[in-house]
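A short worksheet on the structure shown next.
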Amino acid sequence: MTEGRLKIRVIADRCQGHNRCRLTAPTLFQVDKFGNAQAAGDGTVPPDMAEKAKLAVANCPEFAVELYRE
Amino acid sequence: MAPRKPVTDWAADWDHLDPAWKENPFPIWDDLRARCPIAHTDRYNGAYLPTRYKDVQAIANDTQSFSSRRVVIRETYVEGLVGAPPITSDPPEHKPFKQLLLPAFTAEAVEKLAPSTRASCNQLIDSFIAKGRCDAAQDYAKFIPIRVIAKMLGIPDADNDKFIRWIYLALEAGITDPEALKTADAEMSAYFAGHVAKCLQNPSDNLISYLLTVKLNDQPLTPRDMQGILRLLLVAGIDTTWSAIGASLWHLAGNPADRDRLIAEPGLMAAAVEEFLRAFSPVTMAREVVKDTTVGGCPVKAGNMLLLSFPAANRDPTMFKDADKVVLDRQPNRHSAFGLGIHRCIGSNLARMEITVALEEWLKRIPKFALDGAVGWSDGTVRGPRKLPVRFPA
Numbered sequence: 001m002t003e004g005r006l007k008i009r010v011i012a013d014r015c016q017g018h019n020r021c022r023l024t025a026p027t028l029f030q031v032d033k034f035g036n037a038q039a040a041g042d043g044t045v046p047p048d049m050a051e052k053a054k055l056a057v058a059n060c061p062e063f064a065v066e067l068y069r070e
Numbered sequence: 001m002a003p004r005k006p007v008t009d010w011a012a013d014w015d016h017l018d019p020a021w022k023e024n025p026f027p028i029w030d031d032l033r034a035r036c037p038i039a040h041t042d043r044y045n046g047a048y049l050p051t052r053y054k055d056v057q058a059i060a061n062d063t064q065s066f067s068s069r070r071v072v073i074r075e076t077y078v079e080g081l082v083g084a085p086p087i088t089s090d091p092p093e094h095k096p097f098k099q100l101l102l103p104a105f106t107a108e109a110v111e112k113l114a115p116s117t118r119a120s121c122n123q124l125i126d127s128f129i130a131k132g133r134c135d136a137a138q139d140y141a142k143f144i145p146i147r148v149i150a151k152m153l154g155i156p157d158a159d160n161d162k163f164i165r166w167i168y169l170a171l172e173a174g175i176t177d178p179e180a181l182k183t184a185d186a187e188m189s190a191y192f193a194g195h196v197a198k199c200l201q202n203p204s205d206n207l208i209s210y211l212l213t214v215k216l217n218d219q220p221l222t223p224r225d226m227q228g229i230l231r232l233l234l235v236a237g238i239d240t241t242w243s244a245i246g247a248s249l250w251h252l253a254g255n256p257a258d259r260d261r262l263i264a265e266p267g268l269m270a271a272a273v274e275e276f277l278r279a280f281s282p283v284t285m286a287r288e289v290v291k292d293t294t295v296g297g298c299p300v301k302a303g304n305m306l307l308l309s310f311p312a313a314n315r316d317p318t319m320f321k322d323a324d325k326v327v328l329d330r331q332p333n334r335h336s337a338f339g340l341g342i343h344r345c346i347g348s349n350l351a352r353m354e355i356t357v358a359l360e361e362w363l364k365r366i367p368k369f370a371l372d373g374a375v376g377w378s379d380g381t382v383r384g385p386r387k388l389p390v391r392f393p394a
């Protein structure tokens, strides 16, 4: 398999601080004092969190969360 | 409210004060979405009504064409009143205003208010549980956000009749009666001037005292900006969450299967709260069209107002399967109940906490309840039950 690790990221200029990503997958995101989210750590999604990560993407009202492989 | 000319064509003459809309707006939006997704009315000096998710989203993100200078549709606009920044601000003024307030409304900050909110819910339930009936809107839902926001601002919750009167005058009566709006404006200004003076003398751990210390573009807040922020927090903090708690209880009163499931599976609560927010989104904001443009292929003309219906967007079947059904464990649920774009509701974490605590405590103490008479809904752009009689085993 040449496929890389599953990672998650938040597109900063789309995020408006709804907090839905952190509510959906608390361990994958951190939020600053203005409510804006970013991926926790280096954004790696552990295999057992893959489903939650997909939901975090699908729940974001601003379409600001993305999954990618690296 | 004076009798109004009944609506005969929702696509060309819509009216959100029409009794049919007030009672049940969902079929009206479904019909318009299918045949005229950007409806218009000559009422209110000209106003549009988008009902599709993608159009609402595009408008919310186009602050160049759609200004937030006026966020309530009215028959007459009164100039010179205090605004309600940052909700009534456009870029570039909007962001610095909003950043002053955001840190007070993070999930961590509002979680600290959960224990007192829980105690407050139980105190309210104590006051009516022995009677076996109550008005869940007037005796319960209403007081939960009042107490929370009064505590945050450092104003007495015993003034709740005043708060409710101002909200009614500004957001319901004030749609058609400019005098009602002026009265609310003058009374709120006098009220908050007194509390600001008190906090200047004796600063304490509340938002007014905090706002007296902050700098906006290197200057202290002007008295006018302070007044604007305080009325925003009071008005927007109360009737919105009151409506969301009331609509959720209304649904559970009429749908015992959902009620029993939520009691049996308390882990569903977080998803259920998001679903209640989607299905019964209380808040519709307005925009002023300031540039001729097109939305979803329809031309919209500067000078008109526009009702930015997040509630209609949240019922769009192209975005949500079974959009007209309440599905407690709906996943995913990309709802826009707290708005989209830069004006995302600053109190979204607070509202979530209040709704969650209010429903949890109610269901613990009153697991069986049913409607006990006619329900009355609010007028205007914040929709929720204002009369919600329920009965339960005493």
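So the sequences go chain by chain: H and Y.
Under our numbering, the first sequence has 7 at position 7, and the numbering climbs by one with no breaks.
Under our numbering, the second sequence has 218 at position 218, and the numbering climbs by one with no breaks.
For every residue, glycine included, the Cβ atom is placed at its ideal position computed from N, Cα and C.
Bridge pairing for H/ALA37: H/VAL31 [DSSP]. Rounded to the nearest whole angstrom, the C-alpha separation of Y/SER68 and H/GLN16 is 17 Å. Annotation: Y/ALA39 is outside any alpha helix (DSSP H); the continuous beta strand (DSSP E) that includes it extends over 38-41. Residues of chain H whose Cβ lies closer than 9 Å to the Cβ of Y/ARG334 are, in chain order, ARG20, ALA58, ASN59, CYS60, PRO61, PHE63. Under the three-state reduction of DSSP, Y/GLY341 is assigned to helix.
Looking from the CA of Y/ASP55, the closest CA among Y/GLY237, Y/ASP379, Y/LYS387, Y/MET319 belongs to Y/MET319.
H/ILE11 counts as exposed, since fewer than 16 other beta carbons sit within 10 angstroms of its beta carbon.
The criterion of a C-beta distance shorter than 8 Å is not satisfied by Y/LEU359 and Y/ARG261. Y/SER209 and Y/TYR77 have their C-alpha atoms some 32 Å from each other.
Looking at the backbone, the Cα of Y/VAL82 and that of H/GLY4 are separated by about 55 Å.
At least 8 Å separates the CB of H/LYS52 from every CB of chain Y. At a cut-off of 8 Å between C-beta atoms, Y/GLY341 counts as an interface residue with respect to chain H. Taking a cut-off of 8 Å for Cβ pairs, the region 24-37 of chain Y and the region 344-355 of chain Y do not touch, as fewer than three such pairs fall below it. Under a 10 Å Cβ-count criterion, Y/TYR44 is classified as buried, with 16 or more other Cβ atoms of the shown protein chains found around its own Cβ. Cβ contact annotation for Y/LEU100 (same chain, cutoff 6 Å, sequence separation greater than five): VAL214, in chain order. The C-beta separation of Y/GLU111 from Y/MET353 comes to about 7 Å, placing the pair in contact by the 8 Å criterion. Between the region 146-158 of chain Y and the region 166-180 of chain Y there are fewer than three C-beta pairs closer than 8 Å, too few to call the two in contact. Secondary structure of Y/GLY174 (DSSP, three-state): helix. Neighbours of Y/LEU102 in chain H, taken as residues whose beta carbon is under 8 Å from its own, are GLY17, LYS33, PHE34, GLY35 in chain order. Boundaries of the alpha helix (DSSP H) around Y/ARG278: 269-279. Contact of H/LEU55 with chain Y is assigned, a C-beta pair being separated by under 8 Å. Here Y/PHE392 is buried: its Cβ has 16 or more other Cβ atoms, across all protein chains shown, within 10 Å. In this structure the region 286-293 of chain Y touches the region 305-316 of chain Y; the number of beta carbon pairs closer than 8 Å is three or more. In terms of CA proximity to Y/LEU17, Y/TRP377 leads the group Y/ALA394, Y/TRP377, Y/PRO389.
Counted as a single uninterrupted DSSP element, the alpha helix (DSSP H) harbouring Y/TYR210 occupies residues 207-213. Taking every protein chain shown into account, the CB of Y/SER348 has 16 or more other CB atoms within 10 angstroms, so this residue is buried. In the DSSP assignment, Y/TYR48 falls within the beta strand (DSSP E) that extends over 47-50. Cβ-Cβ distances below 8 Å link Y/ALA253 to ALA136, ARG259, PHE369, ALA370, LEU371, LEU388, VAL390 in the same chain, with the five nearest sequence neighbours on each side left out; the list follows chain order. Here Y/TYR168 carries a helix assignment [DSSP, helix/strand/coil].
By the C-beta criterion, the region 6-17 of chain Y is judged not to be in contact with the region 37-44 of chain H, since fewer than 3 inter-stretch pairs fall below 8 Å.
Excluding sequence positions up to five before and after Y/HIS251, its CB lies within less than 8 Å of the CB of ASP258, PHE276, ALA279, PHE280, VAL326, all in the same chain and listed in chain order.
With 16 or more other CB atoms across the displayed protein chains lying within 10 angstroms of its CB, Y/SER243 is buried. In the structure shown, H/GLU66 adopts extended strand secondary structure according to DSSP, grouped into three states. In the assembly as shown, H/TYR68 is an exposed residue. Its beta-carbon has fewer than 16 other beta-carbons within 10 Å. Rounded to the nearest whole angstrom, the C-alpha separation of Y/ALA313 and Y/ASP324 is 12 Å. Annotation for Y/MET285: the continuous beta strand (DSSP E) segment containing it runs 285-289.
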